[in-house]
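This report refers to the structure that appears directly beneath it.
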Amino acid sequence: MFFLILLLAHLQAAIIPIILGIKSFNKFKSININKRKKIALGFIFLGLASISEMIDHTQTSWIYINHSSLFNWLFYSFLSLGLTCLSVSVIKNKFIQTTNLFIAFCAITSYLLFDKTISLFFQVTISIFLIISWQRAFKDWLLILYPIFGIIFTTFFGTNLLNTGDQFWHILIGPSGTTSVLTFYLILKRWDNKVN
């Protein structure tokens, strides 16, 4: 039963962002097509991150182990790309867009060259850019849910998982991340309703 719950927690973290990516491309006509492509790609990359994590878990019998592997690297890479696409989708300044993309490149390559601790530093930077850019673009109080669920809660659950080894914490990480992804979709939906 525990494995089934763990599997469902991971499946929803993969499927929901991909569905939101497809829906956001087709739904938000008030947002220009180039921005919609980046938004859709951002959601899809986040779904691919979860799929990569699921494949990685098959190598560890679905027990979370803090390790480096190809699929763990893909997880962090897709996560970086997803958050970066969401961020640059609302940024007009080309220099800031390029800076975001460079930071994503650093996150991806630093995992390979050093370790995921360095990569996490770059991902925090990506998240800061994302929060600032979306707040400037949408001015929506709902954005506070992203750092709460996507950063604070997932870090808290992950730290407890690492410190205790109790896989119960593993179940909570995926839904917490999905809540942060849903936050972005709700912000887009509220923006679209406001301008239409």
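If you use our numbering, the sequence shown corresponds to residues 12 to 207, in order. Even glycine gets a Cβ: it sits at the ideal position worked out from N, Cα and C.
Take residue i and list the residues in its own chain whose beta-carbon comes closer than 7 Å to its own, dropping the five residues that flank it on each side.
| i | result |
| --- | --- |
| Thr95 | Asn111, Leu112, Ala115, Ile137 |
| Ile74 | Gln178 |
| Ile119 | Ser88, Ser91 |
| Asn207 | Ser41 |
Since residue i is in the alpha helix (DSSP H), which residue starts that stretch and which ends it?
| i | result |
| --- | --- |
| Tyr122 | 105-124 |
| Met138 | The sequence as given places Ser at residue 138; Met does not occur at that position. Its alpha helix (DSSP H) spans residues 127-149. |
| Pro28 | 13-38 |
Please state the DSSP three-state secondary structure of residue i.
| i | result |
| --- | --- |
| Gly176 | coil |
| Ile208 | With the chain represented from 12 up to 207, any question about residue 208 goes unanswered, as that position is not in the structure. |
| Trp73 | coil |
| Ser80 | coil |
| Ile184 | helix |
| Asn43 | coil |
| Asn207 | coil |
Report the CB separation of residue i from residue j in whole angstroms; it is logged as a contact under 8 Å.
| i | j | result |
| --- | --- | --- |
| Ile29 | Phe54 | 7 Å |
| Val192 | Leu18 | That pair is no contact at about 19 Å. |
Looking only at C-alpha atoms, which of the options sits nearest to residue i?
| i | options | result |
| --- | --- | --- |
| Ser121 | Thr165, Thr166, Ser79, Leu97 | Ser79 |
| Thr170 | Ile42, Ile76, Gly58 | Ile76 |
| Ile162 | Asn104, Leu52, Lys200, Thr190 | Thr190 |
Can you name, in chain order, every residue of its own chain whose Cβ lies under 8 Å from the Cβ of residue i, other than the five neighbours on each side?
| i | result |
| --- | --- |
| Tyr196 | Leu31, Lys34, Ser35, Phe54 |
| Ile142 | Leu154, Tyr157, Pro158 |
Please go through the same chain and pick out, in chain order, the residues whose beta-carbon is closer than 6 Å to the beta-carbon of residue i, but skip the five residues on each side of it.
| i | result |
| --- | --- |
| Ile50 | Ser35, Ser100 |
| Phe86 | Ala60, Ser63, Glu64 |
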